[in-house]
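These protein sequences, in sequence, are chains A and B. Sequential numbering from 29 applies to the first sequence in the working numbering. Sequential numbering from 211 applies to the second sequence in the working numbering. For every residue, glycine included, the Cβ atom is placed at its ideal position computed from N, Cα and C. Contents: one structure, followed by commentary.
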Amino acid sequence: MNAIYWLIPLTLILLAVAVKILLWTLNNEQYDDLETPALRILSDDDEQDTLDHL
Amino acid sequence: MSYRPQNDRCYHCNEAFTEQGDWSIKIGGIERQMCCAGCLTVAQMLVDNQLADYYQFRTNAANKPESIIPEALQELESQQQSELIVPTIVTQDEKCHIDLAIEGMTCAACAWVIEKKLQRLNGVLSVKVNAVTRRAAIEWQENQLEVSQVVNEIHALGFKAYPYRETLKRDRFQVENRQWLLRIGVASLCTMQVMMISVGLYLGYGEDLNLEHQSFMRWVSALLALPVLLFAARPFLDGAWNSIRHGQLNIDVPVSLAISLAYCASIYTTLVGHEDVYFDSVCMFTLFLLVGRYLEHRSRFKMVMAGQHFQHWLPQQVQKYDSDERLHKVSLQSLIAGDHINVSEGEVIPVDGHLVYGVASIDQAFLTGEFAAAHKGKGDPLLAGSVNMETPIRVKVEKVGQETQWANLLRLQQQAEQQKPKSIGLLNSVARWFVLGVLLITISVAVYWWQVAPENVLPIVLSVLIISCPCALSLAAPTAITCATKRLGDLRVLVIDSDWIETLTKVKHIVFDKTGTLTEGKLSIKQRQTFAGYSESKVAAIVANLEQGGHHPIAVALSQLSDEKLIVNQRTWVTGGGCYGDVEGQVYYLGSWPWLKGECSLVEEREHYSGVYLVVNKTVIAHFEFDDSRRAGIEELIRELNRLEYRTHILSGDSAVTVAALAQQLGVSQSASEMTPQQKLDYITQLQQSSARVLMVGDGLNDAAVLAQADVSLAMGGGVTHAKESAGAILSSNQVADLTSIVSVAKLCKRIIKQNIIWAISYNLIAIPFAAVGWIPPWLAAIGMTLSSTFVLLNALRILNFENKGANQIDSQHLTKIHWMNT
């Protein structure tokens, strides 16, 4: 049971990472437009420069 | 599912077929009809570039591209636009970046199409189009691409590109949106963690939980709940503080009380005793309330976005007089002080300046709030943002862009709008008393238990506060209205006023404009005669030149009669009457008989008249009659409305004969003809005096006042900008026949709000006694509140599935995906 003394702090660290990632996605405008990205993946043409687009 | 245009309409833009010609193209193996060369060109290009998937993905009709302009002019336009875009390019490390505002996007598929098309250009590194803010961010390799190519590609697709200017409200809302999401994100993450630890604590109750372990877990929970309290719950804490500071009580007060009390008490417990801690309740409670508030915020945001569309209020393209006195289309930004421009009637004046000659009627509602037109004479100042009413005018430019009064006003408005708009009406009146009641109950419960069994005071008080939290109540209206607005969006109704849906249910009278609303508004000449020895061609030339540039459907129809150019020295339009001017030295009057008789004293009384007459020197020399096709489904609509016991009216500026005939055919209760805009306004005001609510459906310049005056107003999508601005909602499909469905949705919304409110209050009333007695621990209270709110939400979602089983069901719109972005 003493494991919780290091397990829980570990959880907290992971949590902090999660929040950091959340902040990043928000600032990266990922939630600003939710419809267009859904369509981006739908076509299957042969683009040479697809790799440049993330 | 993807958008399917109606049968008998352009496959691309869903407009009616008005031009002669066969424009068809095979898309996906099936032959499709387009309405004009413009739509065909875009469709052809999509097909040629393997972008036909656009028609699969789209959830809305495309914008109709401007009619095809000759190549040279087109290039010039693109070049001019590129000119204003070039200065905004940002170059770094040999990469050029630009942000463009795209006009004409109607749904996410448009964004997709633009992205795909631009990505194919050589040198383009990345393209990101945001369908919500209509903004395109493009990056390309320096020297490999000219920005004009980018602009051309966008034009070829039927859109327009402008430099992206940080439009105030839109971006502020994006920032606020992110704040909300961050709060909800943090609250969710912490809630999950705290609840996990709570499981440990609960499981430990029965067993022997080591006191140290318990203490440790409690402290961790306290730590985790801290950001929830201080950051995520901020809106409530601030709201409560503001409310108390002003001596008011709003819903935030008990909420903040519950959250803070729970937290502090739990800290105390963690330090001292054996009782329970409530960090999990704090978190869950906050989370759920946040979600509710966010929903409300989103629905307000959507409405602001909808209204924002017209905060491209100032026209981007302006007609400028060149040194050779001919009109050229130029961009607004290219104007400098001293330029002379032409502003057509019904359009917004784009600059600060003054009137060069003649007289004008200007609507300065944006400044004064008064609809009454201000009369301006030669030399009088004109302000950007005001609307030119009666006739085209010539304006000398003085101030442009950020220097105008209008820009100033907008800045002020932006600051003023930091304050929250009023919440849904129904709730406000209930809230105060509710909160007061809750606080009183809480205090009496606390007092009681303090005397009987002090150790129960905290959990019971918490439970009472949590259970009485009007979370479900505060969700009752916003959820229903959000869903109703979405459902209306499917019907192509763009709701701008927040009260629109609710007021619509109270309407008793429905008033229709005739031309452009009940009818298509595209007049064709049914009959024409000439008198007094004038030849057809002479008359045609006179009329075509006289009506040049007019916006009224009659002017549009007549101006196409002849290509012969005559010199028009002066021209004045009278709304609701006609037009007169000096053509090659002679003064001609063209208008309706009553106007000619009444205003101009040119002709005598006559029994039967219709259409317009051309008069010179007090002699009638020509007569034109027009045909205007009725919109689809109008008969059934009126029948259904009558059945539902609405009083229907038609108000029109057209002749008595035509209007009466139409009214009779349709079965409309009352009709009035030959009305001036003022008379229309009086008519509506009189109706309203009998405390009846009036719904006005209109489209033209002469309807703007009535649309603003009516309790509820609906402007046709094809109508004049000014009309659309004055109305509470816009019907972008122009299908008036959908009115019954629209009303049904509004009524359903109201029913659901009532149901939700009854449920929310009943739940609170029933649950509070249980909590007061001590039968409900705080965690159960939090769950109960959650479930109650979920019920409200699910109930509201029923609106989305609404299908109108009555008359006027339009088959081509079987909608399963609810989509927002109209026009």
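At a cut-off of 7 angstroms, is residue i close to the ligand FMN when judged by its beta-carbon and the heavy atoms of the ligand?
i, result
"Ile940 of chain B", "The ligand FMN is not part of this structure, which contains no ligands at all."
Could you pull the start and end residues of the beta strand (DSSP E) that residue i belongs to?
i, result
"Val946 of chain B", "Counting along the chain, Val946 of chain B falls outside any beta strand (DSSP E), and DSSP gives it neither H nor E."
"Tyr531 of chain B", "Gln527 to Tyr531"
"Ile940 of chain B", "Ala939 to Leu941"
"Lys606 of chain B", "Ile603 to Lys609"
"Thr740 of chain B", "Ser734 to Thr740"
Find the nearest neighbour of residue i within the set the options, judged by alpha-carbon distance.
i, options, result
"Val607 of chain B", "B:Ile651, B:Ile559 and B:Gln796", "B:Ile559"
"Asp792 of chain B", "B:Tyr372, B:Leu824, B:Leu367 and B:Ile764", "B:Leu824"
"Ser431 of chain B", "B:Leu481, B:Gln266 and B:Ala318", "B:Leu481"
"Ser476 of chain B", "B:Leu592, B:Ala981, B:Pro988 and B:Lys539", "B:Pro988"
"Ala443 of chain B", "B:Tyr488, B:Leu399, B:Cys493 and B:Ile1009", "B:Cys493"
"Ala247 of chain B", "B:Leu367, B:Ser358, B:Phe267 and B:Glu774", "B:Leu367"
"Arg503 of chain B", "B:Leu355, B:Pro688 and B:Gly595", "B:Pro688"
"Gly726 of chain B", "B:Ala866, B:Ala842, B:Gln739 and B:Val778", "B:Ala842"
"Trp710 of chain B", "B:Lys724, B:Phe722 and B:Thr692", "B:Thr692"
"Ile670 of chain B", "B:Gly808, B:Ala397 and B:Tyr658", "B:Tyr658"
"Leu685 of chain B", "B:Leu646, B:Leu1007 and B:Glu352", "B:Leu1007"
"Pro979 of chain B", "B:Thr652, B:Leu728 and B:Ala992", "B:Thr652"
"Asn55 of chain A", "B:Ala262, B:Glu356 and B:Leu392", "B:Leu392"
"Leu771 of chain B", "B:Gly787, B:Gln780 and B:Ile752", "B:Ile752"
"Ala46 of chain A", "B:Ser336, B:Met402, B:Val257 and B:Gly877", "B:Met402"
"Ala319 of chain B", "B:Ser943, B:Phe267, B:Gly449 and B:Ala920", "B:Phe267"
"Ala866 of chain B", "B:Asn387, B:Thr886, B:Glu850 and B:Ser900", "B:Thr886"
"Lys890 of chain B", "B:Ile860, B:Tyr973, B:Ala584 and B:Asp700", "B:Ile860"
"Val674 of chain B", "B:Tyr265, B:Gly994 and B:Asp913", "B:Gly994"
"Ile312 of chain B", "B:Ser336, B:Glu363 and B:Gln302", "B:Glu363"
Quick check on the DSSP output: the alpha helix (DSSP H) that includes residue i runs from which residue to which?
i, result
"Trp985 of chain B", "Taken as a continuous stretch (DSSP letters only), Trp985 of chain B belongs to no alpha helix (DSSP H), as it is neither H nor E."
"Ile324 of chain B", "Ala318 to Gln329"
"Glu746 of chain B", "Glu746 to Leu756"
"Phe441 of chain B", "Phe441 of chain B -> no alpha helix (DSSP H), and no H or E assigned at all."
"Ala366 of chain B", "Val357 to Ala366"
With a threshold of 8 angstroms between beta carbons, is residue i in contact with chain A?
i, result
"Glu325 of chain B", "yes"
"Gln302 of chain B", "no"
"Thr713 of chain B", "no"
"Gly395 of chain B", "yes"
"Ala321 of chain B", "yes"
"His423 of chain B", "yes"
"Gln384 of chain B", "yes"
"Leu367 of chain B", "no"
"Asn552 of chain B", "no"
"Leu698 of chain B", "no"
"Val492 of chain B", "no"
"Phe441 of chain B", "no"
"Phe498 of chain B", "no"
Per the DSSP calculation, residue i is bridged to which residue(s)?
i, result
"Glu241 of chain B", "B:Lys236"
"Ala882 of chain B", "B:Leu861"
"Tyr799 of chain B", "B:Tyr790 and B:Val825"
"Ile312 of chain B", "B:Ala371"
"Ala925 of chain B", "B:Gly908 and B:Ile940"
"Gly306 of chain B", "According to the sequence shown, residue 306 of chain B is Cys rather than Gly. Bridge partners of Cys306 of chain B: B:Thr301 and B:Trp350."
"Asn598 of chain B", "B:Ile572"
Along chain B, which residues have their Cβ under 7 angstroms away from the Cβ of residue i?
i, result
"Val45 of chain A", "Correct list: empty, because the minimum Cβ distance to chain B is about 10 angstroms."
"Leu67 of chain A", "Phe267, Ala318, Ala319 and Trp322"
Beta-carbon of residue i versus every beta-carbon of chain B: anything under 8 angstroms?
i, result
"Leu4 of chain A", "Outside the displayed range of chain A (29 to 82) lies residue 4 of chain A, so it cannot be described from this structure."
"Leu38 of chain A", "no"
In chain A, what lies closer than 8 angstroms to residue i by C-beta?
i, result
"Asn340 of chain B", "Glu57, Asp60, Asp61 and Thr64"
"Asn420 of chain B", "Met29"
"Leu392 of chain B", "Leu50, Leu51 and Leu54"
"Val430 of chain B", "Ile36 and Leu40"
Interface residues of chain A around residue i at Cβ under 9 angstroms?
i, result
"Leu343 of chain B", "Inspection of the sequence shows that residue 343 of chain B is occupied by Thr rather than by Leu. Residues of chain A passing the Cβ test: Asp60 and Asp61."
"Arg444 of chain B", "Here the premise fails: no neighbours, minimum Cβ distance about 16 angstroms."
"Phe426 of chain B", "Ile32, Tyr33 and Ile36"
"Arg503 of chain B", "What Arg503 of chain B touches in chain A: nothing, since even the nearest Cβ is about 17 angstroms away."
"Arg388 of chain B", "Leu54, Asn55, Glu57, Tyr59 and Asp60"
Residue i touches chain A at which residues, Cβ-Cβ below 7 angstroms?
i, result
"Gln403 of chain B", "Thr39 and Leu43"
"Phe489 of chain B", "Within 7 angstroms Cβ-Cβ: nothing; Phe489 of chain B doesn't reach chain A, min ~14 angstroms."
"Leu399 of chain B", "Leu43, Ala46 and Val47"
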